[in-house]
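In mature numbering (1 follows the signal peptide of the UniProt record, and there is no 0), the protein residues as written are -26 to -1, 1 to 415. Glycine included, C-beta positions come from ideal geometry on N, C-alpha and C. In what follows, a single structure is set out as structure tokens and then discussed.
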Amino acid sequence: MNSTVFTRRRFLREAGSALALSPALANVVPAFAMASATEGSALAESDQQMPAWEPGFLDIHHISTGRGNCAFLLCPDGTTIMIDAGSKVPQASPKTAKYLIDAKPNDSLRPGQWIARYVQRCMAQAHREEIDCFLLTHLHDDHMGEILPGDTSISPISKYGNYQLGGLMDVAEVLPVKKIIDRAYPDYNYPSPLDDPYQKNYRAFVRSFVSRGGSAERFKPGSATQVKLLHRPDQFSTFSIRNLAANGEVWTGVAEETRSIFPSLADLKPVDYPTENKCSLAIRLSYGKFDYFSSGDMDHEVHYGRLPWGDIESPVARVAGPVDVAVANHHGWRDACGPEWVSALRPRVFVIHAWHASHPTMAALDNMLSTELYPGERDVFSTAIKPESKIAVGRLGELKSDNGHVVIRVHPGGEQFEIFTISNEDETQRVIARHGPYSCT
């Protein structure tokens, strides 16, 4: 916030560190903080393309491949950021492949190849040809790329090194990437060695990437400068990205201080070590009054109270404070998007990255839609939904959109934003629907 006005969002945000320390306070808010928004209905169906990006706009593309997470950010000064680039390989688990959403737009290319082509079209609007920063939320294949070990017909060998292509590796095969930031570089051994085949493949890629002049870093919880505008930052002083958490280290809300949510590994049995999902990194992006939250696959699983520290998503949401747009944790699965997470973030818009029949589950969707957790309107968008899921999860009919690329466009200055749903049936970039404008609060 660059204003001195004591708005409802500022009140709740500045209370964030206290809320993070005291869950009992999470639902104590003043009356003015309970006001609801009314904007955001669909404007019209459209067969036209989304207006081109221009300096001052912030575009956040949630790319729909039906195979994993990927968000691409074209920032106000032309800085380019990608968050995850996942790809599931149906042949890797034939018995469960039937639960996957169909590949978007089709399976003639690997998901990472479709992502690269999509991003190239976006970057051309800013006369950019490279990704300035890639953020990997955690080391799971639906976020960085699954491979079929040894099968080069499914997962070819890179022309740049001894690793196979899939997800991020496919993107980097086509588009130059300047920097990679993940939660575990360079040793990849917390809480235990990350040695699954696709993780070893990613590590081989990172070694090759660095040997060829690329930069790799470990994510620094609490920092507001590790991920930043690189081209004309002085012209957009209200833009920032706060590193909220990774590996259980959570920002306190004060300077760059952090606190540990997870116990020492010495006090845990290996079977109870924090999962890869719980170790996900989290960010809050701000531009003027606009705020955006993303935290990979964080969850609130406590194993019936046996591991009370396992609810990592709630303290992270409390320190983030209310936002305009929140990406659903863990695809909206049963162990994520809990009541405390929803009530702390209270976004106007939720975005779900979906690739499986269980994305989202009824419990998570109920929480996102609940006006008991916070009042007012909210819109939920999903990048895709498996048709059969609509029978089992009746409330999926309440989604604003259940198929297509979900693009957030924040207007210059960060006072309002719109949402475009873009067809994932082909590469025409056809607008299916346009929603907004929404006012940032």
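Tell me the residue span of the alpha helix (DSSP H) that contains residue i.
i      : result
Tyr92  : Pro85 to Ala98
Val301 : Careful: Val301 lies outside any alpha helix (DSSP H), inside the beta strand (DSSP E) at Val299 to Val301.
Val180 : Pro171 to Ser185
His117 : Asp115 to Met118
Leu339 : Met336 to Leu343
Met144 : Just to set this straight, residue 144 is Asp in the shown sequence, not Met. Segment Leu142 to Val148, the alpha helix (DSSP H) holding Asp144.
At which residues does the beta strand (DSSP E) containing residue i begin and terminate?
i      : result
Met56  : Thr54 to Ala59
Ala71  : Ala71 -> no beta strand (DSSP E), and no H or E assigned at all.
Ser214 : Phe213 to Ala220
Leu109 : Cys107 to Leu109
Asp156 : Lys153 to Asp156
Cys253 : No beta strand (DSSP E) holds Cys253; DSSP gives it neither H nor E.
Asp33  : Leu32 to His36
Thr232 : Thr232 to Ser234
Ser189 : Ser189 to Arg192
Leu48  : Cys44 to Leu48
Trp27  : Here Trp27 belongs to no beta strand (DSSP E), and DSSP marks it neither H nor E.
Glu223 : Glu223 to Trp225
Could you name the residues of the same chain whose beta carbon sits closer than 6 Å to that of residue i, not counting the 5 residues immediately before and after it, in chain order?
i      : result
Leu110 : Met118 and Asp156
Ser375 : Phe355 and Thr395
Ile75  : Gly40, Trp329, Ala358 and Lys360
Gln99  : Ala26 and Trp27
Asp58  : Asn43, Cys44, Thr111 and His117
Leu142 : Ala59, Met118 and Gly119
Leaving aside the five residues before and after residue i along the sequence, list all residues of the same chain whose C-beta is less than 7 Å from its C-beta, in chain order.
i           : result
Glu223      : Pro195, Thr232 and Ser234
Ser197      : Asn217 and Glu230
Ser397      : Gly378, Arg404 and Ile406
His205      : Asp51, Gly52 and Thr53
Arg383      : Phe31, Asp33, Phe391, Glu392 and Phe394
Gly387      : Gly262
Gly14       : Residue placement at Gly14 is poorly supported in this model, since its pLDDT is 43, which falls under 50; the coordinates are not used for a value here.
residue 419 : Given a span of -26 to 415 for the chain in the structure shown, any question on residue 419 remains unanswerable.
Phe236      : Gly222, Pro248 and Trp283
Arg177      : Tyr162
Glu362      : Ala331
residue 466 : Lying outside -26 to 415, the shown extent of the chain, residue 466 is not represented and no answer is given.
With a 10 Å radius around its C-beta and 16 neighbouring C-beta atoms as the bar for buried, classify residue i as buried or exposed.
i           : result
residue 486 : Residue coverage of the chain in this structure runs from -26 to 415, which leaves residue 486 outside it and unanswerable.
Lys69       : exposed
Asp81       : exposed
Asn221      : buried
Tyr162      : buried
Lys133      : exposed
Ala26       : exposed
Pro85       : buried
Ser189      : exposed
Gly368      : exposed
His277      : exposed
Lys72       : exposed
His101      : exposed
Glu250      : buried
Ser185      : exposed
Ser166      : exposed
Ala366      : exposed
State yes or no: is the C-beta of residue i nearer than 7 Å to some heavy atom of the ligand COA?
i      : result
Pro296 : Judged by which ligands are present, the structure shown has none, so any question about the ligand COA falls away.
Considering only residues of the same chain and omitting the five flanking positions on each side of residue i, which have a CB-CB separation below 8 Å?
i      : result
Phe193 : Leu109, Ile155, Asp156, Arg157, Gln200, Asn217, Ala220 and Leu255
Ser344 : Pro313 and Val316
Pro171 : Ile121 and Pro123
Val22  : The sequence given here has Gln at residue 22, not Val. The residues are Arg404 and Val405.
Glu399 : Lys78 and Pro79
Is the region 317 to 333 touching the region 355 to 363, taking contact as three or more C-beta pairs under 8 Å?
-> yes
On the three-pair Cβ rule with 8 Å, is the region 125 to 133 touching the region 282 to 290?
-> no
Can you list, in chain order, the stretches of the alpha helix (DSSP H) that have 4 or more residues and sit fully within the region 263 to 326?
-> 287 to 294 and 313 to 319
Please specify which runs of the alpha helix (DSSP H), each continuous and at least 4 residues long, are wholly inside the region 328 to 414, giving them in chain order.
-> 336 to 343 and 363 to 366
Inter-stretch contact (C-beta, 8 Å, three-pair minimum) for the region 333 to 352 and the region 296 to 315 | yes
Would you call the region 289 to 302 and the region 254 to 273 touching, i.e. three or more CB-CB distances under 8 Å?
-> yes
Counting Cβ pairs closer than 8 Å, one from the region 88 to 108 and one from the region 241 to 261, do we hit at least three?
-> Too few Cβ pairs lie closer than 8 Å, so no.
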